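Encoded as structure tokens, the structure appears first; notes follow it.
2 protein chains.
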Amino acid sequence: MDTRQMRYFVALAETLHFGRAAARLNMTQPPFSRQIANLERDLGVTLVNRTSRQVHLTAAGARFLEDSRAVLAQFEIACRDARLVAKGMTGELRLGFMMHAAHRIVPQMVSRYGAIRPDVRLSLSETTPAEIEQKLLSRDLDAAITFADPSNSQIDSHTFLQDRLCLVMPPSHGLAALRSVGPEDLGQEDLIAASAAVAPTLRAAITGYFAAAGIVPRFRFEPQLQNTILRLVATGLGVALVPESICDGHMLDLVARPLVNAPTMEVALKTLRGQDNPAVAPLIALVRSQTP
Amino acid sequence: MDTRQMRYFVALAETLHFGRAAARLNMTQPPFSRQIANLERDLGVTLVNRTSRQVHLTAAGARFLEDSRAVLAQFEIACRDARLVAKGMTGELRLGFMMHAAHRIVPQMVSRYGAIRPDVRLSLSETTPAEIEQKLLSRDLDAAITFADPSNSQIDSHTFLQDRLCLVMPPSHGLAALRSVGPEDLGQEDLIAASAAVAPTLRAAITGYFAAAGIVPRFRFEPQLQNTILRLVATGLGVALVPESICDGHMLDLVARPLVNAPTMEVALKTLRGQDNPAVAPLIALVRSQTP
DNA sequence: ATCCATTGATACCTCAATTGAATTAGTTGG
DNA sequence: CCAACTAATTCAATTGAGGTATCAATGGAT
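Structure, rendered in structure tokens:
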């Protein structure tokens, strides 16, 4: 039993005439009659009552006609959607990103991507840099925004932003009076930063910055999420070195100051090499076009 | 392209292994591989990426899997429902009836039928006796309740009620004082009755009742619907001879009186001979069981 | 009542599509 | 480099879908 027999039956129900229904399907009447008979046999149900003069649907036939039309329509939709997804015109793109990107990078990217692929649903998932690689490899993500650290050779990386680190602190903090800050100003400060396990590249950049100046930094708290860091700083529990891109917009209870010889973090869009979601290509093209 | 290939594809997507998917379908791997290839060719879309080591779905494949499951489920539902309708356990029964039956007969019948066939939707349509026969013949109705007048030989009739005529009038009417009323009491009254075109049998019974007593009745208004007749009587525009079954319940502004030698109307359930809606049989059994 | 036209069913044939068995080709891991 | 595993390919056999010719039943016309 198959959709072909459903198509035959719909033709018969619409013409109520075996000969004309067969003609509409570009076939002759005998095999057409046999297919209808097979359908009825498989269902175990009489769908049409036929005399040699007239054909009419039984109650079961009328119901089956409605249902068949629905099934056939859904069948067509399934085929059409598969083609659209293959062309990347619809479907889903699972984009992961570290929290640093949530402030400015992701909103901007989502807005631009939505303009060129309005029918692709963007599934956004915040995650830590450490998790991103494994989720790309396990195909749980189609693409991800993270720091451009060297990664698995199976992963393509497209750097598109140089993000300088800056210092954030509460407005009342003594260092807020300075125009810019160097590592030597921070030797006595409580620092708040994500642990190396969560954001290895960022952590390495921070420790490297201090090490170059011969300063031993004092790390006080190690939250996982960037947002928590900002909240702790605002509460006066310490200061933090964060990428400039998150200092955008209204940070009412925080001030940022540039660092002398500020280390820069490269931000990249990463994808699994050989990934086959056609919705990804335009996203790569997008970041390529804005590469510094 | 057919549901068979969809079934194959779903098996492949669930096992991600050509050999095991084929085995699950009780077939060997080569023809199975070819069917998947055919499906992809017909769709023009790559659904799975295969290396000799692993198989995984493309984005289009993932979408097509979801859609295919939906299509196949709906397909099964269509088949199941056709079988259920054929057994009369579900579906629709289009029951027509004259307005006289709306007061007591139809509510009672609907309630009893609903108890034995809860999943059959009853489509109820009020109509005039004159229309009922043609709607049965044109298969616009599965069954109908009307007077048991002789009808087309294609129509089966099951009489199940003897409905005596009685007189209705406003409470203030002079005849309301009588225990029972004869034709001779009504010679000077304004009568309200449906025309012969609308309800021939009832009209014939009324005129016959007067003719037998040598009285020439005075028909004043001829509405189509029974309800209108009662409303006109209540307003004091005349009196009417109506079947007893409509005098049930609360007729606040009307009184009914028996007629001497009251004519009786036979009420019947009619169906088209050879009609094939299995939901009808239990309805016929129902009225059979309450035949006087 | 008889004949004829119409319509769906049946018998038989042909051919294409599907299947299965055997084999090949390409990867991966040791 | 070999062994294993897996999907693709080849080819013969079978299934089944469609076509032609024909039959049987029904309803209308004469």
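Taken in order, these protein sequences are the chains called E and R. All letters in the first sequence, in the order written, are residues -9 to 282 by my numbering. All letters in the second sequence, in the order written, are residues -9 to 282 by my numbering. Glycine included, each C-beta is placed from N, C-alpha and C at the ideal position. What you are looking at is a predicted structure, and each value in this text was computed from that prediction instead of being measured.
When Cβ-Cβ separations below 8 Å define contact, F65/R makes contact with chain E.
The Cβ atoms of E179/E and R208/E sit closer than 8 Å to each other. Assigned with DSSP and collapsed to three states, E116/R falls in strand. Taking 8 Å as the cut-off, the Cβ atoms of Q216/E and I196/E do not count as close. Taking 9 Å as the upper bound on Cβ-Cβ separation, chain R lies near residues D32, L33, G34, V35, T36, L37, N39, H46 of the region 21 to 46 of chain E. Ranked by Cα distance from D243/R, the options T225/R, A258/R, K260/R are led by T225/R.
For Q44/R, the CB contacts under 8 Å within the same chain, skipping 5 residues up- and downstream, are L6 in chain order. Contact annotation: A72/E and F65/R have beta-carbon atoms that are not nearer than 8 Å. Distances from the alpha-carbon of A138/E to those of D132/E, S128/E, D130/E, I122/E put I122/E closest.
With respect to the 8 Å criterion, S128/R and R84/R are not classified as neighbours on the basis of their beta carbons. Bounds of the beta strand (DSSP E) holding E256/R are 254 to 262. Proximity of chain R to S58/E at the Cβ level (cut-off 8 Å) is accounted for by A68, in chain order. N267/E has a beta carbon lying within less than 8 Å of a beta carbon in chain R. In the three-state scheme derived from DSSP, where H, G and I count as helix and E and B as strand, P233/R is classed as strand. Burial check for L168/E: the Cβ neighbour count within 10 Å stays below 16, so the residue is exposed. Interface criterion met: the Cβ of A72/R is under 8 Å from a Cβ in chain E. When 7 Å is used as the limit between beta carbons, V61/R is near these residues of chain E: V61, Q64, F65, A68, in chain order. Using a C-beta cut-off of 8 Å, the region 9 to 22 of chain R makes no contact with the region 158 to 172 of chain E, since fewer than three inter-stretch Cβ pairs fall below that distance. In the structure shown, D71/R adopts helical secondary structure according to DSSP, grouped into three states. Using a C-beta cut-off of 8 Å, the region 94 to 110 of chain R makes contact with the region 258 to 275 of chain R, since at least three inter-stretch Cβ pairs fall below that distance.
A direct Cα-to-Cα measurement between L2/E and H46/R gives close to 41 Å. In the displayed model, D243/R falls within coil according to three-state DSSP, outside both helix and strand. Non-local C-beta neighbours of I219/R in its own chain, meaning closer than 6 Å and more than five positions away in sequence, comprise I182, P213, A230, ordered along the chain.
Here V96/E carries a helix assignment [DSSP, helix/strand/coil].
By the criterion of at least three beta-carbon pairs nearer than 8 Å, the region 188 to 195 of chain R is in contact with the region 137 to 156 of chain R. C-alpha of P248/R to C-alpha of S42/E: approximately 54 Å in a straight line. Here the alpha carbon of R70/E sits roughly 28 Å from the alpha carbon of L126/E. DSSP, reduced to helix, strand and coil, places L29/R within a helical segment of the structure shown.
In this structure, F150/R sits near L259/R, with a CB-CB distance shorter than 8 Å. Here D146/E is bridged, per DSSP, to T261/E.
Scanning its chain for C-beta atoms nearer than 7 Å, with the 5 sequence neighbours on each side dropped, one finds around H148/R the residues A258, L259, I274, V277, R278, in chain order. Contact residues of the region 81 to 93 of chain R toward chain E are G81, E82, L83 (C-beta to C-beta distance below 9 Å). Here R263/E is not near I135/E, since their CB atoms are 8 Å or more apart.
Interface flag for M(-9)/E against chain R is set, since a Cβ pair is found closer than 8 Å. Secondary-structure assignment with DSSP links T136/R through a beta bridge to A258/R. DSSP, reduced to helix, strand and coil, places E179/E outside both helices and strands of the structure shown, so it counts as coil.
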